[in-house]
Amino acid sequence: MKAIQTTIVGYSGKPCSLFSVYDNEAKVLVISVEAGYRRERRQDCMVITNDPDIERDGLFSEAELKESISAFFAMQAGVAIDGKSNRLVFSDKAARANPSQSIEKDGMDANGQRYRISESITCAQIAALATCWYADTRYGTVEKVLDMADSIRALEHLHYGGIWTI
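Last residue of the sequence shown: 149 (my numbering), numbering continuous.
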């Protein structure tokens, strides 16, 4: 399981940090707590933000907004690996972060599904979308890169002084 801290600024409501946990094996994202804006990384959390001044692991921008909405709807409608659990769960402490009421599907075009987003979408709701975007589309990529780096490091001792290219 991976703890995620998503800090978002610049939308309706106050800037905030949303704390979540993603279980990659079960394919379940639990959005746990909506908290006040936090610049500092909580211990052991992956940090996603749209604030370029925060130390982070992932920078979320409006370019990822459509992909994040698609990830949200896919996770909301999805079923976990066990075949019966929801893939996306909002705790009572994060219920206001659920963006369902601020996004509506607006037909299809040649580029796929279109969405209409409320002007009053909050920072917490955008944080939930960014968290879904990370969990659904980025989590496996980051883990694969880290695994590959570990594998390369493990091989280095076998060929000390050699040159490796990837």
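Where a beta carbon is used, it is the ideal one built from N, C-alpha and C, also for glycine.
Subject >> Start-to-end residues for the beta strand (DSSP E) that takes in residue 59 >> reply: Run containing residue 59: none in the beta strand (DSSP E); it sits in the alpha helix (DSSP H), 48 to 60.
**OP:** Tell me whether residue 77 sits in a helix, a strand or coil according to DSSP, three-state version.
**Re:** helix
Subject >> Test item: CB-CB of residue 113 and residue -9 under 9 Å >> reply: yes
**OP:** Report the three-state DSSP secondary structure of residue 109 (helix, strand or coil).
**Re:** helix
Original post:
Of the residues -4, -15, 117 and -5, which one's Cα is nearest the Cα of residue 57?
Top reply: 117
Original post:
Taking Cβ to Cβ, would you say residue 12 is nearer than 9 Å to residue 20?
Top reply: no
**OP:** Over the uninterrupted beta strand (DSSP E) stretch that includes residue 98, give me the two end residues.
**Re:** 95 to 100
**OP:** Would you grab the beta carbon distance between residue 97 and residue 89 for me? Rounded to a whole angstrom, and I think it's under 8 Å.
**Re:** 4 Å
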